[in-house]
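Structure record follows, encoded as C-alpha cells.
Protein chains: 2
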Amino acid sequence: MELLFYAYRDFTAEPDAMLAKYGFGRAHHRVIYFVGRNPGITVSDLLGILRITKQSLSRVLSQLVREGFITQRPGSRDRRQRLLELTNRGVELERQLSQNQRERLARAYRQAGAEAVEGFRKVVTGIINEIDRPKVGRPIPLREARGR
Amino acid sequence: MELLFYAYRDFTAEPDAMLAKYGFGRAHHRVIYFVGRNPGITVSDLLGILRITKQSLSRVLSQLVREGFITQRPGSRDRRQRLLELTNRGVELERQLSQNQRERLARAYRQAGAEAVEGFRKVVTGIINEIDRPKVGRPIPLREARGR
DNA sequence: GCATATATGTCAACATGGCTGACTTAAAAT
DNA sequence: ATTTTAAGTCAGCCATGTTGACATATATGC
Chain A
-2 MELLFYAYRD
8 FTAEPDAMLA
18 KYGFGRAHHR
28 VIYFVGRNPG
38 ITVSDLLGIL
48 RITKQSLSRV
58 LSQLVREGFI
68 TQRPGSRDRR
78 QRLLELTNRG
88 VELERQLSQN
98 QRERLARAYR
108 QAGAEAVEGF
118 RKVVTGIINE
128 IDRPKVGRPI
138 PLREARGR
Chain B
-2 MELLFYAYRD
8 FTAEPDAMLA
18 KYGFGRAHHR
28 VIYFVGRNPG
38 ITVSDLLGIL
48 RITKQSLSRV
58 LSQLVREGFI
68 TQRPGSRDRR
78 QRLLELTNRG
88 VELERQLSQN
98 QRERLARAYR
108 QAGAEAVEGF
118 RKVVTGIINE
128 IDRPKVGRPI
138 PLREARGR
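Chains as they are written, first to last, in our numbering: chain A, -2 to 145; chain B, -2 to 145.
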C-alpha cells in the first residue's frame, strides 16, 4: 500500500507541474491520454474508463476541444455519438506529458530486469477489478465496428 | 501507464466509499494510514510524506483529532512538536479501511505467485524517486531518537 | 409512424482537497 | 538576546469530483 502511494505520488508529480503551465490539471491529462490511446472513442466509453460523471468530464473535455487539442466528429453509424480524437497539437501535448512517465518506467524496468517486469504486470493486473482486466492494454473496440 | 491508472482507480474506490460514511475523504485515509504506520510521527515528517501544505493537512488532521481518531502529545525532547498517534478508534478505522486493500493485494499476490510479487516490488520501488526509496517499508525514525 | 430509449450536453449548486500569502505562538538553537 | 524552527490559524482561490434537473438529436422497437 505504501509502495503504491509513493509510486503514484512521484509518477504524477512532474506531469502535473507541466500541465499547470497550460492551465490544465491531471484530469486533462487523463482525457488526453485515453483519447490518444483510443482514437475515435465515444464519450460514454471514455466515461466508463474514467469513472466520473459526464458533467465532470464535460468541463475538461470542452476546454480541450475549445483550445484545439481534441476534435469531435459524429459517428457514421450512430450520428448521436461524438467520436473523439487528438489533433496534432493534442498528440504533441500527450507526447510531452507522457515522456516523463515513460522515462520513469523505462528506468524502473531497466533496473529491475525483464523478469521483474513480467511479475509487475501480473500483480498490477491482478489489482484491477476482474471485469476490467481484459480491456487493459488494448484499445477500446470502436463502436463503429461494434454494432449495437 | 494504463495499468497504473486502472489499478489505482480500483484500489482506492472502495475505501473512498467507506470514508464517505464518516464524512471523510481520501486525504483522511492517507493521514490515518501513515500515522498508523508511524506512531509518534511529527507533523513535519507527515507533511514530507504526503507532500502537501500544512494548511491542507491541518484541515483533515484537526478533524481527525477533534473526532477522536488521532491524539497529539508534545515531544519530550522537543516540546514544540506534536507527536501523532492513532487512538483505539483510529486503529479500528484504519483496519477497516485497509482491509479491502489488503485483501485486494493478497488476491493479486496469490494469483501472481511469489516470484511475480518480488518483481512487482522491484519495479514499483524503481518508480519512486530515488531519494525516497530508502524510507519505503520502514517506519520513519522517531525524531525523539534522531537528535537534532 | 409513434413512443421510448439512448448519447450527449447544459445549468446550477455543492463538497473536497489542493494552493498561496500573511501572521501568531512557543520553544529551541545560536 | 536574537534568530530559527515546529506548529497552527485565517482568508481566499482553484481544480475536480458530486447530485439533480432538463434539453436535443437520433436510434430503436412495436
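Yeah, the Cβ is synthetic: ideal placement off N, Cα and C, and Gly gets one too.
| Asked | Found |
| --- | --- |
| Beta-carbon neighbours of B/L0, restricted to chain A and to distances below 8 Å | R118, V121, T122, I125, V133 and G134 |
| Other residues of its chain near A/R34: CB distance less than 7 Å, five sequence neighbours each side excluded | P136 |
| C-beta neighbour in chain A for B/E91, strict 7 Å | no |
| DSSP-derived helix/strand/coil call for A/P136 | coil |
| Rounded straight-line distance, which links the Cα of A/Q60 to that of A/L16 | 13 Å |
| Local conformation of B/T9 per DSSP, three classes | helix |
| For B/V62 and B/H25, believed in contact at Cβ under 8 Å, the rounded distance | So it is not a contact: roughly 11 Å between Cβ atoms. |
| Length at least 4, wholly inside the stretch 16 to 98 of chain B: the alpha helix (DSSP H) runs in chain order | 23 to 34, 40 to 47 and 51 to 63 |
| Continuous alpha helix (DSSP H) stretch holding B/R118: start and end | A111 to I124 |
| Exposure of A/P12, with buried meaning 16 or more beta-carbon neighbours within 10 Å | buried |
| Within-7 Å CB hit, A/D13 to chain B | no |
| Chain-ordered residues of the stretch 18 to 37 of chain B with a beta carbon less than 9 Å from chain A | R27, Y30, F31 and R34 |
| Cβ contact (3+ pairs, closer than 8 Å) linking the stretch 117 to 134 of chain A and the stretch 114 to 122 of chain B | yes |
| Reduced DSSP secondary structure (H/G/I, E/B, other) of B/L1 | helix |
| Short Cβ contact (7 Å threshold) for A/G65 with A/R86 | yes |
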